[in-house]
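Here is the structure we will look at.
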Amino acid sequence: MRIEYFHLGVKPIFRETYTLGKGKHTPKGYEITGECIGCGKCVQICPQQCVAPGTPYRIAQEHCLHCGNCFEQCPVQAVTKKI
Ligand code: SF4
Ligand code: SF4
Numbered sequence: 001m002r003i004e005y006f007h008l009g010v011k012p013i014f015r016e017t018y019t020l021g022k023g024k025h026t027p028k029g030y031e032i033t034g035e036c037i038g039c040g041k042c043v044q045i046c047p048q049q050c051v052a053p054g055t056p057y058r059i060a061q062e063h064c065l066h067c068g069n070c071f072e073q074c075p076v077q078a079v080t081k082k083i
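Start counting the sequence shown at 1; every next residue gets the next number (our numbering).
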């Protein structure tokens, strides 16, 4: 069983996932790959301000809402979706 925990009392919100029993933990959410050209668009559109500059840019997974904005707006499709 997979349990997702949100702490909405902090900004940015905090997310954590727990797996109970023998269930396999399947990562979800979004990841920035080496295709990133560092344009900074994802930083501007992220409602959580949880994307940090770098090579490539990096998503702070514990604060990510999984809204998909970065995935949809990246001009070079550098953001991939973890299923
Ligand atoms: S929008 Fe895409 S290319 Fe631009 S910084 Fe973000 S991940 Fe990199
Ligand atoms: S999925 Fe949404 S919250 Fe998460 S990094 Fe992308 S834009 Fe930010």
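Here a beta-carbon is modelled for each residue, glycine too, at the ideal position from N, C-alpha and C.
- Per DSSP, reduced to three states, the secondary structure at V10 is coil, with no helix or strand assignment.
- Between I32 and V76, the C-beta spacing is not below 8 Å.
- Around the beta-carbon of C64, 16 or more other beta-carbon atoms lie within 10 Å, marking it buried.
- Proximity to G54 across G21, C39, Y5 peaks at C39, based on C-alpha coordinates.
- Assignment of beta strand (DSSP E) within the stretch 23–64, counting only whole runs of 3 or more residues, yields 29–32 in chain order.
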